[in-house]
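Presented below is the structure to which this report refers.
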Amino acid sequence: MNSFVWSLVGGRVLVAVFTLLVVSFTVFCATAILPGDVAEVLLGQAATPEAVAGLRAAMHLNDPALLRFVRWLAGLASGDLGKSYANNMQVAQLIGPRLLNSLKLAGITTLFSVPIALALGIAAAILRGSVFDRALTFLTIAVISVPEFMVATTAVLLFAVHLKWLPALSFAREATSFWDLLRIYAMPVITLAFVISAQMIRMTRAAMIETLDTPYVEMARLKGASPTRIVLRHALPNALGPIVNAVALSLSYLLGGVIIVETIFNYPGIAKLMVDAVSTRDLPLIQSCAMIFCLVYLLLITVADVIAILSNPRLRR
Amino acid sequence: MTDKIASNWTKADDAMVENAIRRGATRRELMQMLLAGGMAAAAGGSVLGRATAAVAQTPTSGGHLKAAGWSSSTADTLDPAKASLSTDYVRCCAFYNRLTFIDKSGTPQMELAESIDTKDAKVWTIKLRKGVTFHSGKTLSSADVVYSLKRHLDPAVGSKVNSIAKQISEVKPVDDLTVEVTLANPNADLPTILGTHHFMIIADGTTDFSKANGTGAFVCQTFEPGVRSVGVRNQNYWKSQKAHLDSFEFFAIPEDSARVNALLSGDIQLAASINPRSIRLVENQPGVVLSKSNSGGYTDLNMRLDMAPGDKQGFVEGVKLLLNREQIKNSALRGLAEVANDQPVPPSSPYFNTELKPRAFDPDKAKALFQKAGVLGQAIPVVASDAASSSIDMAVVLQQAGAGIGMNFDVKRVPSDGYWSNYWLKAPVHFGNINPRPTPDILFSLLYTSSAPWNESQYKSEKFDRMLVESRGLLDHAKRKQIYGEMQAMISNEAGTAIPVWIANVDAISSKLKGLEPNPLGGMMGYAFAEYVWLTA
Amino acid sequence: MMTRAIPLPLHYRINIVGLLALCVILFWTMVALFASQLAPHGVGEIVDLDYFGPMSRQFPVGTDYLGRDMLSRILFGARYTVGISLASVTIACVTGVTLGMAAAVTGGWFDTALSRFLDALNSIPSKLFGLVVVAGVGSSIPVLILTMAVIYTPGSYRFARALAVNVNTMDFITVARARGEGVPYIIGSEILPNIIGPVFADVGLRFVFIVLLLSGLSFLGLGVQPPDADWGALVRENISGLPFGAPAVMFPSIAIASLTISVNLLIDNLPKKTRDRSA
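Chains as they are written, first to last, in our numbering: chain H, 73 to 389; chain W, 75 to 611; chain X, 326 to 604.
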């Protein structure tokens, strides 16, 4: 690590605060544009103009929208995420356990899929054009071209309904042993791994092929370096930038994009929370979820950028 | 439930079927057996229902039930006034009680009330049961009932039944266990109204609904909005028959096939409201029983009479004739429906007008009417959404029929999100979805009077309004039935709401789960199953 | 290092796998163009009283949950899945890759501002974005194409920029700069040829994502309207036929897989003209 990296990280932190503000304002505007407000949504079919007006007044929704936004920001600055409009609970209390669930699922999926995906991608690049390479391409694309809900449903049908090996639903809290935990997480993790691995495998393969074709790798090969050494010492560091970016983009999907997996396996995570919040126009909850997604995304890409810079000597200026 | 039983069917036959069930015959085998005996399929199903119930009549105590509904969100609530999703109703029924309970025939039975009496249908005296306690230990008194009823009138509460509660002009305690309710106008249906889900009784002064303090058969152990709720048996329940189950857990699995799969894998014992297209999955499965109730919910096509093209003479009638009800019943709903006649009172209601026949599919007559209305060949946008169940499929059926006679119905699928506030009641031609209501009076006053909050087609008729007020005060059933019958005909012929079918509700349950009965308030025994069902080993 | 600037002999040979993939893509394009001539039934016509019908002479790939002819629905669906997805992926990737390369070459405030802006854009939940679009602009095919392009541009940009930044440090770029070449020349003639492989691989993947996103957006009410449906939506609406292997759920899945796999295999096996620098 050198001073350049530190200044980059420092700059990124400042920019991140700014980005968060911009995103939060955009999300606020988007929510405001959407027709209907929380009073109408909560009353649903019972939303007579009179009832809506009464509830709006009681929920202080008649204050100017901008004022409510500024109030929420002020609360955020003092560490208070506000109260949910929909059920009057503390947003932090609503998000807390579900964020933890989401992070668990994302963490396990990452640990499981990233090493396998990178290894497969590198192997495919080295064996470019071979049967292994073609079969892997075929399989990875076949796997992601099947819609996620179909992968999940097929898995449930096979492992839960027919074989009865695994539970169809995943309640994280009910695990009493490591074996239980394994059984509960197996299907969601495998489904998600299917979805995110393809991008990592394909991008790793493509980036590796690009570097394996460069003159300096050719040079190393001519000098008689061993294939392992060529790949790990010469090619990989130079392909690392695009690879970590692909990994970061894939992983960013694991928090907000897993709505289908959460729904089918009935896993109480944060993606479903966000979708609920949007449909009830629950501004404090939408904002808080959006901030979390944004923060995690910024964190991932900043790490990716730092790794990219560290791995390329010419960028380390 | 109006299933007809074959006239030559005897008790001995019932016994034979019961024996077959004890031997473990599947439903399909039984149906074949019955059909071979020359019995109509519908009647066969009914016999089978009775026999199955007879086998399983001795409840056993204990066990933990896991049941899944179809929707749940962070807006889940323990406040009965705000209840809006099936999950809310299930929770409220388990943790609270109503003054009355509507039984499977649609008749109100006394629950927390010992008696409800009136002389003029205007001033009502409600006597409460003695010795009922809340989960907190507090004893039920008239103050609790007064508080529970009055809060529906406060706009800040956001009650779903504010418009119905408005007819209550005064609620006052007479003594510790007596409450007097005065209505603005006479309404003989008050006991039924008090039996609907929103009128659950809560303790006086309750404002915090993060916990449920009710008098119900279960005590709320866990409530996580949008995730799940857990209830454990209330050992101090006021009824002599306490809940059979030790505890139950309720949550939602919105994806239809995921809900079915969870049942098939044994993760849950009750999957509520199965989509017709999933029926084939569960009907031949060992260990799975279907509980069907035709409770009177429907999805209707609304043509606003104050907007083009609904304001053109003949358009509405044309669409009603062009709706291929048989095809909607058979293709869109796979037979889990009954053809309806464009009015909201279901056949199971004692007030149902049997002389009013459903319109037959008649594209030629429809074409002539459209031609006269001058709309033939125009593109008519029809707004449909997943929010109104089966509406997209119904729209497609109408679109196809239209294409056959040169009518262009332009189906617009819009998001479920915000459908009820943005499109319902607003678009010129759109779909609505109406839950079952226990009385014609509630249906008419919510949906068809000039001042109705959900007047879906903007139907205005002074005659209709007058008839409704007149019938409300009548305690004479025959007289009422005659007026209601006439009003049903008026709606069917004049209003812009096309009601093609009654949609049946089908809950799929594990064969280990017993005691579930149909109820006119909706599926899952009117959402009150938790108190009444039991699990066998 | 300068050898790479010398024009190499061109190889136009495409291998057999690539050729096959190309044929599949052309087949589906033809189907998309002539769907109305090929389809035996109307797209919304209920022709079977049964549902999830099996494969038969009358209905070669069975019927769907309403009893509509699946073959016709898949043929009509090709128009949306092939057409809309190709249009969106082209817009997203051309924009993303061009901006990514420009940002890498230009650097400085342009790079920073653009990168952070697209990061922010990528942070907005796509469901919220989709709903706002429906509410604000309404639903039509061009809107649908643009929405998906906007959703996938930031990812394409980030990946292209990461690739281009590495190439940008190479000596031949410095030489080109020294010759006084402008940014358009550098990105078009120096950077692009050196990152084209991974960029194409990325395009292939994004195509798959867009094909699948299409059905998701249809369910938000943004996009293809009933009775028409894209292939993803066909899979989704017939998913309850999966447990008994209904052709109504299998064939649209096969159609999606055949198209997306072909697109990616074609990309992997493109004629070596632009890709082979070591020959």
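Virtual Cβ for every residue (Gly too), placed ideally from N, Cα, C.
Pair within 9 Å by beta-carbon distance, residue i and residue j
| i | j | result |
| --- | --- | --- |
| S331 (chain W) | L355 (chain W) | yes |
| M381 (chain W) | T571 (chain W) | no |
| L379 (chain W) | K534 (chain W) | yes |
| T289 (chain W) | I176 (chain W) | no |
| P418 (chain W) | Y372 (chain W) | yes |
| F221 (chain H) | R502 (chain X) | no |
| L538 (chain X) | Y482 (chain X) | no |
| I479 (chain W) | D416 (chain W) | no |
| A195 (chain W) | G547 (chain W) | yes |
| G313 (chain H) | L488 (chain X) | yes |
| L345 (chain X) | L590 (chain X) | yes |
| I238 (chain W) | I516 (chain W) | yes |
| G378 (chain X) | G369 (chain X) | no |
| F325 (chain W) | R307 (chain W) | no |
| K344 (chain H) | I331 (chain H) | yes |
| I327 (chain W) | T335 (chain H) | yes |
| A485 (chain X) | G433 (chain X) | no |
| L166 (chain H) | P299 (chain W) | yes |
Secondary structure of residue i, DSSP reduced to three states
| i | result |
| --- | --- |
| W576 (chain W) | strand |
| G143 (chain W) | strand |
| Y372 (chain W) | strand |
| Q417 (chain W) | coil |
| N404 (chain W) | helix |
| A376 (chain H) | helix |
| V456 (chain W) | strand |
| N482 (chain W) | strand |
| V488 (chain W) | coil |
| D249 (chain W) | strand |
| A138 (chain W) | The sequence as given places His at residue 138 (chain W); Ala does not occur at that position. Here H138 (chain W) sits in strand by DSSP. |
| I95 (chain W) | Note on I95 (chain W): pLDDT 48, under 50, position unreliable in the model; the coordinate value appears next. Helix. |
| L364 (chain W) | strand |
| V219 (chain W) | helix |
| M380 (chain X) | coil |
Exposure of residue i, with buried meaning 16 or more beta-carbon neighbours within 10 Å
| i | result |
| --- | --- |
| I341 (chain X) | exposed |
| P365 (chain X) | exposed |
| S465 (chain X) | exposed |
| W576 (chain W) | buried |
| F532 (chain X) | buried |
| R97 (chain W) | Its pLDDT being 46, under 50, R97 (chain W) is placed unreliably in this model, and the value from its coordinates should be taken loosely. Under this definition R97 (chain W) is an exposed residue. |
| V430 (chain X) | buried |
| L109 (chain W) | Low confidence applies here, because L109 (chain W) scores a pLDDT of 46, under 50, leaving its location unreliable and the question unanswered by this model. |
| V503 (chain W) | buried |
| D593 (chain X) | buried |
| W251 (chain H) | exposed |
| D377 (chain H) | buried |
Nearest-angstrom Cβ-Cβ length linking residue i and residue j, presumed shorter than 8 Å
| i | j | result |
| --- | --- | --- |
| L499 (chain W) | D436 (chain W) | 29 Å between Cβ atoms; not a contact. |
| I521 (chain X) | V492 (chain X) | Not quite, the Cβ-Cβ distance comes to about 11 Å (not below 8 Å), so this is no contact. |
| G143 (chain W) | A336 (chain W) | With a Cβ gap of about 12 Å, G143 (chain W) and A336 (chain W) do not count as contacting. |
| V261 (chain H) | T181 (chain H) | 5 Å |
| M272 (chain H) | G193 (chain H) | 6 Å |
Counting pairs of Cβ atoms below 8 Å between the stretch 181-201 of chain H and the stretch 272-281 of chain H, do you hit three or more? yes
Under 8 Å, with one C-beta from each stretch per pair, do the stretch 397-413 of chain X and the stretch 435-448 of chain X reach the 3-pair mark? Contact between the stretch 397-413 of chain X and the stretch 435-448 of chain X is absent, because fewer than three Cβ pairs lie under 8 Å.
Indicate whether the contact test is met: 3 or more Cβ pairs, each with one atom in the stretch 215-230 of chain H and one in the stretch 262-275 of chain H, closer than 8 Å. yes
Would you check if there are 3 or more beta carbon pairs closer than 8 Å linking the stretch 175-190 of chain H to the stretch 326-335 of chain H? yes
Quick one: any contact between the stretch 167-175 of chain W and the stretch 183-190 of chain W, if contact means 3 or more CB pairs under 8 Å? yes
Evaluate the contact criterion for the stretch 222-234 of chain W versus the stretch 141-160 of chain W: three or more CB pairs, one atom per stretch, below 8 Å. Yes, the stretch 222-234 of chain W is in contact with the stretch 141-160 of chain W.
Below 8 Å, how does it come out for the stretch 224-238 of chain H and the stretch 542-555 of chain X: are there three or more Cβ pairs, yes or no? No: the two stretches stay apart, fewer than three of their Cβ pairs being nearer than 8 Å.
Should the stretch 395-406 of chain W be called in touch with the stretch 466-474 of chain W, which here means at least 3 C-beta pairs below 8 Å? yes
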